[in-house]
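Numbering (this note's numbering), first residue to last: 24 to 203.
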């Protein structure tokens, strides 16, 4: 009898209950199965993908969960009193970190950081950071930074920065900055 419950295929791949996965003849993992937990995929013995109870951890600071996609260092899905935000995309260092809303896209370093926008898009370094509004679009470095805009568009460096209002369009460097 085989007490280790091992399978040896072509002398290169071993699957047994102690390894709980597929390994090479040099004991490098290809895939690892964790009982009552995630399954891990490896490339060159480095974990690249893992299933979790909330979705998939892609590795190298990328995560998908509850219809959210977060890619980059310091991106996260922060829970709110209403529950975990859904339908969000955050790509870039600290982008979308602490976002407390639904249906948003934040792309770029600190884009959408600490924002409370809903149904909004922030693209660019610090675009939409600290923003509070609905259906706002901020594209460009610091566009829409700390803005409280609804149904607004801010395009350009510092466009719509610290602005408050609705149905406004600010296009160009400093356009619509600190306006009401």
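Ideal Cβ placement from N, Cα and C applies to all residues, glycine included. Keep in mind it's a predicted model, so treat the numbers as computed, not measured.
Self-check item: Own chain partners of residue 102 with C-beta closer than 7 Å, once the 5 adjacent residues on each side are dropped
Solution: Taking the chain shown and counting its residues from 1, one reaches residue 102 at position 79. Model confidence at residue 102 stands at a pLDDT of 47, short of 50, so the residue's coordinates are unreliable; what they give is reported in the following sentence. The answer is none, since no qualifying residue turns up.
Self-check item: 8 Å Cβ shell around residue 196 - same chain, five flanking residues per side excluded
Solution: On the chain shown, residue 196 is found 173 positions in, with the first residue counted as 1. Hits under 8 Å: 179, 180, 181, 182.
Self-check item: Pairwise C-alpha distance: residue 61 and residue 135
Solution: Here residue 135 is taken as the residue at index 112 of the chain shown, counted from 1. Here residue 61 is taken as the residue at index 38 of the chain shown, counted from 1. The straight-line gap from Cα to Cα measures roughly 30 Å.
Quiz item: What does residue 174 pair with, by DSSP beta-bridge criteria?
Solution: On the chain shown, position 151 is the one that residue 174 refers to. Looking at the DSSP assignment, residue 174 forms no beta bridge with any residue, so it has no partner.
Quiz item: Are the CB atoms of residue 143 and residue 156 nearer to each other than 9 Å?
Solution: Position 120 of the chain shown holds residue 143. Position 133 of the chain shown holds residue 156. In this structure, residue 143 places its C-beta atom within 9 Å of the C-beta atom of residue 156.
Self-check item: Unbroken stretches of the beta strand (DSSP E), 3 residues or longer, contained in the stretch 111 to 143
Solution: 111 to 114, 127 to 130
Quiz prompt | Own chain, CB closer than 8 Å to residue 54, minus 5 neighbours either side, in chain order | solution = Locating residue 54 in the chain shown gives position 31, where the first residue counts as 1. The residues are 44, 45, 62, 63, 64, 65.
Practice problem: Measure how close the beta-carbons of residue 184 and residue 174 come, nearest whole angstrom, since I'm counting them as under 8 Å. | Solution: Against the chain shown, residue 184 aligns to sequence position 161. Against the chain shown, residue 174 aligns to sequence position 151. So it is not a contact: roughly 18 Å between Cβ atoms.
Quiz item: Under a Cβ-count criterion, where at least 16 other Cβ atoms within 10 Å of its own Cβ denotes burial, should residue 76 be classed as buried or exposed?
Solution: Here residue 76 is taken as the residue at index 53 of the chain shown, counted from 1. Label assigned to residue 76: exposed.
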